[in-house]
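Remarks on the structure that follows.
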Amino acid sequence: MNTFQTLLYQSSNGIGTITINRPDKLNALNALAKQELAQLLDSIKHDNDTHVVIITGAGEKSFVAGTDIGELTKLDAESGKLFAVGGQEVFDRIENLGKPVIAAINGYALGGGCELALACHIRIASENAKFGQPEVNLGIIPGYGGTQRLARLIGKGRAMEQILTGDQIDAQEALRIGLVNKVVPLADLMKTAEAMAQKIVSKGQVAVRLALKAVNMTDETNLTDGLALEASLFGVCCGSEDFKEGTKAFLEKRKPNFQNR
Ligand code: COA
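Heads up, the sequence shown is in numbering that gives the first Met the number 0, so the first residue is 0 and it goes up one at a time.
In structure tokens:
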């Protein structure tokens with residue numbers, strides 16, 4: 000699976016790690032990187048041995064410094080819309096992968112890089128990480144989901160400030176406003192992400208996937224429909240072998256041995 004020009008991928012112990020690998024361009028996403036990412040996500044979706052995914056960037060300076068600005072220059076009104084739709088489709092594959100995706104943000108997460116992190120389900124940042132939606136400096140707006148996902152995550156007012164000023168914020172500020180879940184020293188970033196991934200892998204994957212689905216739906220449903228969905232997914236869990244094993248193991252005072260079905 001490791002035949003990509005712009006990505007590295009490794010999978011072990013139920014955890015797949017994707018590294019965006021264009022360090023000389025601060026891991027800016029060019030067309031090939033987006034295409035390869037889409038292809039890799041499709042194959043991970045169908046890989047029964049991979050339960051949790053981590054996305055990070057190569058090197059110590061940058062997660063992803065945005066979409067490749069060189070490729071923006073030839074866009075016009077029509078192709079620009081298609082360009083945004085194409086990027087959104089790739090990031091939708093992350094949000095709807097059906098498996099938890101953790102962003103391990105190791106430096107600049109700007110423009111499309113911030114939007115990539117936003118499409119992940121959990122974000123862990125290193126102390127040197129910097130976040131921003133600087134598109135306005137280029138005469139454009141975020142096009143890979145930033146106007147929608149940033150406002151949903153940190154609130155409309157804060158999202159407006161970031162998107163309208165193009166200012167960068169540091170990791171501590173990102174933590175304060177809820178843009179990231181955790182901030183750790185750069186040297187601890189991958190082991191922190193891996194430990195969290197491993198903890199999720201150790202749970203029953205039927206429950207993990209249905210919880211992911213239910214929480215994901217909060218962006219799209221009203222409370223009444225969301226509660227109805229929650230109740231029916233709770234019912235699905237109760238019909239699973241994992242549920243029988245989880246409750247039995249608790250009562251027998253032992254660790255559950257989930258079979259993920
Ligand atoms: N697209 C294409 N190339 C990019 C890039 C991007 N989004 N971000 C960085 N690069 C390239 C630079 O052009 C440079 O390439 P070169 O060595 O061939 O000239 C290389 O990555 C290193 O970047 P550089 O700007 O020299 O590093 P820096 O430490 O001085 O600055 C940043 C780092 C992130 C502040 C700066 O690169 C930057 O502002 N990047 C663009 C961020 C952005 O606007 N993203 C949103 C795009 S919609």
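All C-beta atoms in this analysis are idealised placements derived from N, C-alpha and C, irrespective of residue type, glycine included. The structure displayed is predicted, hence computed values, not measured ones.
Whole-Å CB distance - residue i paired with residue j, under 8 Å assumed
i, j, result
"Ile93", "Ala192", "No, Ile93 and Ala192 are not in contact; Cβ-Cβ is about 15 Å, not under 8 Å."
"Met195", "Ile101", "6 Å"
"Arg151", "Asp218", "6 Å"
"Leu232", "Pro99", "With a Cβ gap of about 16 Å, Leu232 and Pro99 do not count as contacting."
"Asn136", "Gly154", "That belief does not hold up - the Cβ atoms of Asn136 and Gly154 are roughly 23 Å apart, past 8 Å."
"Val200", "Ser125", "Going by Cβ atoms, the distance from Val200 to Ser125 rounds to 22 Å, so no, they are not a contact pair."
"Thr2", "Ala57", "Actually they do not touch by this definition, with Cβ atoms about 17 Å apart."
Beta-carbon proximity of residue i to residue j, cut-off 8 Å
i, j, result
"Leu188", "Asn105", "yes"
"Leu6", "Asn29", "no"
"Phe90", "Tyr8", "no"
"Gly65", "Gly138", "no"
"Ile121", "Asn180", "yes"
"Tyr107", "Ser42", "no"
"Glu229", "Ala213", "yes"
"Leu117", "Arg148", "yes"
"Glu244", "Asn256", "yes"
"Gly145", "Ile162", "yes"
"Ser10", "Thr49", "yes"
"Leu185", "Glu59", "yes"
"Leu40", "Leu96", "yes"
"Leu109", "Pro133", "yes"
"Gln4", "Leu36", "no"
"Asp75", "Lys24", "no"
Residue i Cβ short of 7 Å to the ligand COA heavy atom set
i, result
"Leu31", "no"
"Lys24", "yes"
"Ala124", "no"
"Leu109", "yes"
"Asn180", "no"
"Glu114", "no"
"Pro184", "no"
"Ala27", "yes"
"Ala64", "yes"
"Glu263", "This structure gives no information on residue 263, because the portion of the chain shown stretches from 0 to 260."
"Asp169", "no"
"Ile104", "no"
"Ile68", "yes"
"Leu81", "no"
"Leu137", "yes"
- Pair every Cβ in the stretch 48-55 with every Cβ in the stretch 6-22, then say whether three or more of these pairs are closer than 8 Å. yes
- Mind listing, in chain order, the continuous alpha helix (DSSP H) runs of no fewer than 4 residues lying wholly within the stretch 128-186? 145-153, 155-164 and 170-175
- Query: Enumerated in chain order, which unbroken segments of the alpha helix (DSSP H) with a length of 4 residues or greater are wholly contained in the stretch 66-100?
  - Reply: 76-94
- Item | Touch test, the stretch 168-182 against the stretch 205-223, Cβ-Cβ under 8 Å, three pairs minimum | Too few Cβ pairs lie closer than 8 Å, so no.
- Message: Within 8 Å, do at least three Cβ pairs link the stretch 125-136 to the stretch 73-85?
- Response: no
- Residue ranges of each beta strand (DSSP E) run of no fewer than 3 residues wholly in the stretch 9-67, ordered along the chain? 14-19, 51-56 and 61-63
- 3 or more residues per run - each beta strand (DSSP E) lying fully within the stretch 221-249: none
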